[in-house]
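From first to last, the protein sequence lines are chains A and B.
Counting in our numbering, the first sequence runs from 1 upward without gaps.
Counting in our numbering, the second sequence runs from 113 upward without gaps.
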Amino acid sequence: DQQVKQNSPSLSVQEGRISILNCDYTNSMFDYFLWYKKYPAEGPTFLISISSIKDKNEDGRFTVFLNKSAKHLSLHIVPSQPGDSAVYFCAAKVRSNYQLIWGAGTKLIIKP
Amino acid sequence: GAGVSQSPRYKVAKRGQDVALRCDPISGHVSLFWYQQALGQGPEFLTYFQNEAQLDKSGLPSDRFFAERPEGSVSTLKIQRTQQEDSAVYLCASSYSSSTDTQYFGPGTRLTVL
């Protein structure tokens, strides 16, 4: 039973355009969501997070949107740069807990 | 400063062999986590330490898996009598104090069991 789903295994975007990565969750107890970025042969690196009391959090080129009623979140990258090519993981948790529940990841390819 | 390090980076074992995977967390980090990541999947939680105490081992898939952190810093994940289904990347993460702080990951150990 996958509690966090990333339905797009890969996404290709032109450099300079917007990249939108999507994530759905099923467990209504989740109240904290994170995006991690992973390069080959490296561990995941924390990118941005959002609490369920917010619907948007922005950090430079990265914005995460949360739609609680739809149990859906998305990561927007604007403008996309070649260095953004990586696998992006969505993760969710109950904030008072430590266990992260992860999606399967979306491979983002930025085309020059 | 130094991040989380793991060794070895790659390990090939014959089925039935025992393996030991090492994690050096960020200095001063209290919380330490082990995850297993199968090919094409996200990481799955294995176990959690707060200092030297193993507070949660609910994710360990069988009693062949054992983890320790005797002095509250370096941790070792041991897998006895390895099976092919144990082939995966094993990730270690640490966080500063509270278990709810941001987790910082090491590069992982890729285990291949033949």
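A virtual CB, placed ideally from N, CA and C, is assigned to each residue, including glycine.
Here the structure is a predicted model, which is why all the values come from computation and not from measurement.
For Q195 (chain B), no CB of chain A lies under 8 Å from its own CB, so it is not counted at the interface with that chain. Using beta-carbon distances, A104 (chain A) counts as an interface residue toward chain B, with a partner under 8 Å. Taking 8 Å as the CB threshold, E58 (chain A) stays off the interface with chain B. Under the Cβ criterion (8 Å, minimum of three pairs), the stretch 101 to 111 of chain A counts as touching the stretch 8 to 17 of chain A.
I18 (chain A) is classed as exposed because its beta carbon has fewer than 16 other beta carbons within 10 Å across all chains shown. Residues of chain B with a Cβ closer than 8 Å to the Cβ of R95 (chain A) are, in chain order, T212. For F89 (chain A), the residues of chain B that pass the 7 Å Cβ criterion are G154, in the order they occur in the chain.
In this structure the stretch 74 to 91 of chain A does not touch the stretch 127 to 135 of chain B; the number of beta carbon pairs closer than 8 Å is below three.
Counting C-beta atoms within 10 angstroms of its own C-beta, I191 (chain B) has 16 or more neighbours from the protein chains shown and is therefore classed as buried.
The residue from A:S51, A:N97, A:D84, A:F30 with its alpha-carbon nearest to that of T106 (chain A) is A:D84.
The Cβ of L133 (chain B) sits no closer than 8 Å to any Cβ of chain A.
In this structure, L144 (chain B) lies near F161 (chain B), with their beta-carbon atoms less than 8 Å apart. Within chain A, not a single residue places a beta-carbon under 9 Å from that of P173 (chain B); the smallest gap is close to 15 Å.
In terms of beta-carbon proximity, Y25 (chain A) stays away from the interface with chain B, with every pair separated by 8 Å or more. When the Cα atoms are used, F217 (chain B) and S69 (chain A) turn out to be separated by approximately 31 Å. Against G218 (chain B), the close residues of chain A are G43, in the order they occur along the chain (beta-carbon pairs closer than 7 Å).
The beta-carbon distance between A86 (chain A) and K37 (chain A), rounded to whole angstroms, is 5 Å. This is short enough to meet the 8 Å contact definition.
In this structure, DSSP gives Q196 (chain B) a helical state, which the three-state scheme calls helix. Contact annotation: in the stretch 175 to 205 of chain B, residues whose CB is within less than 7 Å of a CB in chain A are L203. Taken through DSSP and simplified to helix, strand or coil, D84 (chain A) comes out as helix. Here I20 (chain A) has S74, H76 as same chain residues with Cβ atoms under 7 Å from its own Cβ, once five neighbours each way along the sequence are excluded.
The alpha-carbon separation between I53 (chain A) and P79 (chain A) amounts to approximately 27 Å.
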